[in-house]
Amino acid sequence: MQPRPLAPQSEPHREPEPSERAEERALVEALAAGSRLAFLRMLEGHAACIRGYLAQQLPEVGDVDDVAQEVFLAALKNAASYRGESGVRSWLLGIARLRALDLLRQRARRRERSGNGVLEERLHERALARLEDEDLELRRARRIDALRACIARLEERPRRLVERFYFHGESADLLAQEIGRSASAIRMTLLRLRGVLRRCVEGDLATGEE
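Using this note's numbering, the letters of the sequence shown map in sequence onto residues 168 to 377.
This is the structure we're talking about:
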């Protein structure tokens with residue numbers, strides 16, 4: 168295993184402004200259409216960040232360039248599925264995270280079969296655990312964002328009911344008195360709304376992963 172050099176410093180990550188988002192969408196559309204110039208622009212704009220991220224996640228420095236290349240080839244292949252909900256850099260970082268996870272899991276399975284390399288195994292286990300924690304946190308954040316978006320799409324009365332019960336902690340009895348319905352009817356309405364929101368969230372998450 169090659170010793171790890173200092174990881175290249177990636178630029179601080181921020182989401183693009185609306186005007187920048189439009190430019191990025193146009194760039195990815197050109198990429199999907201097969202533009203070599205668009206591919207080169209994407210490399211120039213984001214390669215350092217992606218390599219820096221991978222250098223922090225992968226124990227073996229020799230894997231960084233290979234996985235970075237896979238990331239950009241995957242972006243080229245899947246450019247048509249980019250929907251613009253996040254910036255291009257966030258999109259590429261998501262691909263990089265999944266590629267790094269895949270590689271570390273493959274290595275873990277291989278080491279289990281061979282039973283060799285205790286130190287290397289520990290390094291890979293730590294890297295894999297760190298990436299899996301990051302993956303879990305990202306999934307939670309996406310689910311929370313999707314839930315907020317789905318609640319915002321409800322009509323005003325059911326939206327206010329959900330907000331008051333779940334976010335403000337108001338009881339079904341109190342809501343029933345104010346609305347003029349029974350507490351059991353309020354609970355049934357909330358149960359139905361939970362089902363509506365669950366389907367909405369799952370649909371949004373599935374669309375975002377296409």
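Quick reminder that beta carbons are idealized off the backbone N, C-alpha and C, glycines included.
Computed from a predicted model, the values in this text were never measured in an experiment.
Alpha helix (DSSP H) segment containing residue i, residue limits
{"i": "F206", "result": "203-224"}
{"i": "E252", "result": "Counting along the chain, E252 falls outside any alpha helix (DSSP H), and DSSP gives it neither H nor E."}
{"i": "V234", "result": "229-244"}
Collapsed DSSP secondary structure at residue i in the structure displayed
{"i": "E322", "result": "coil"}
{"i": "A343", "result": "helix"}
{"i": "R274", "result": "helix"}
{"i": "A200", "result": "coil"}
{"i": "R348", "result": "coil"}
{"i": "E337", "result": "coil"}
{"i": "A174", "result": "Note that A174 scores a pLDDT of 41, beneath 50, so its modelled location is shaky and nothing firm can be said."}
Of the residues the options, the one placed nearest residue i, counting alpha carbons only
{"i": "L360", "options": "L328, S349, D371", "result": "L328"}
{"i": "D302", "options": "R264, E369, E237, C317", "result": "R264"}
{"i": "L240", "options": "G219, L207, R250, L270", "result": "L207"}
{"i": "Q378", "options": "W258, A246, D230", "result": "Given a span of 168 to 377 for the chain in the structure shown, any question on residue 378 remains unanswerable."}
The ligand ATP heavy atom lying under 7 Å from the CB of residue i
{"i": "R203", "result": "Among the ligands in the structure shown, none appear at all, so the ligand ATP cannot be discussed."}
Presumed contact (8 Å Cβ cut-off) between residue i and residue j, rounded CB distance
{"i": "D371", "j": "A313", "result": "4 Å"}
{"i": "R310", "j": "V368", "result": "6 Å"}
{"i": "A247", "j": "M209", "result": "About 15 Å separates the two Cβ atoms, so there is no contact after all."}
Exercise. Could you tell me whether the region 216-232 touches the region 190-206, where touching means 3 or more Cβ pairs closer than 8 Å?
Key: Contact fails: fewer than three Cβ-Cβ distances are below 8 Å.
Quiz item: Contact between the region 230-237 and the region 250-261: three or more CB pairs below 8 Å?
Solution: No contact exists between the region 230-237 and the region 250-261.
Practice problem: Please confirm if the region 323-338 is in contact with the region 301-315, defined as three or more CB-CB distances below 8 Å between the two stretches. | Solution: Short answer: they don't touch.
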